[in-house]
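Reviewing the structure listed below.
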Amino acid sequence: MSVEKELRELEEQGWAAISVGNGGFYRELVTDRTICVEPDGLQTGAELAADIEANKSPFDDYTLEDVKVLELTGDAALITYRATVRLKEAGFSFQLYMTSVYERVGNAWKLAFHQQTPVKQDG
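Here the working numbering is used: the first residue of the sequence shown is 3, the next is one more, and so on.
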């Protein structure tokens, strides 16, 4: 399987885990060194997993577009894309630019770094 396909699959699985509050998925994906930069602040990987477990996401649907993967080394790669998230109950959607850096540890990809940047809304 190509690196692009592997990382896209991990990101899709991550979105699915967030939608049901599955912090366990992220506990397996992060390391003690993982750093997350989100609109509301910095987190470790363990904090990210705990937040996901405590707060089931209210979104109903999402799409990942403009996916790009950059292999940095044989054991590290970056994936970036625009996510559109829909919240039916609230009647709106929003977009985020997402970037994740993964490193291969043994036979598994581990999340080393993640950043979310809200897309500027028109108006």
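Backbone N, C-alpha and C define an ideal beta-carbon position, used for all residues, glycine too.
Quickly, what does DSSP pair Gly43 with across the bridge? List them, please. Glu40
If we count the other Cβ atoms within 10 Å of its Cβ and call it buried at 16 or more, is Leu31 buried or exposed? buried
What's the C-alpha gap between Tyr64 and Val87? 4 angstroms
Pairing CB atoms from the segment 67–85 with CB atoms from the segment 36–44, are three or more of them under 8 angstroms? no
Where Glu6 falls: helix, strand or coil (DSSP): helix
Would you say the segment 75–84 touches the segment 103–113, given that touching needs at least three Cβ pairs under 8 angstroms? yes
Taking the continuous alpha helix (DSSP H) assigned at Glu30, which residues delimit it? 25–31
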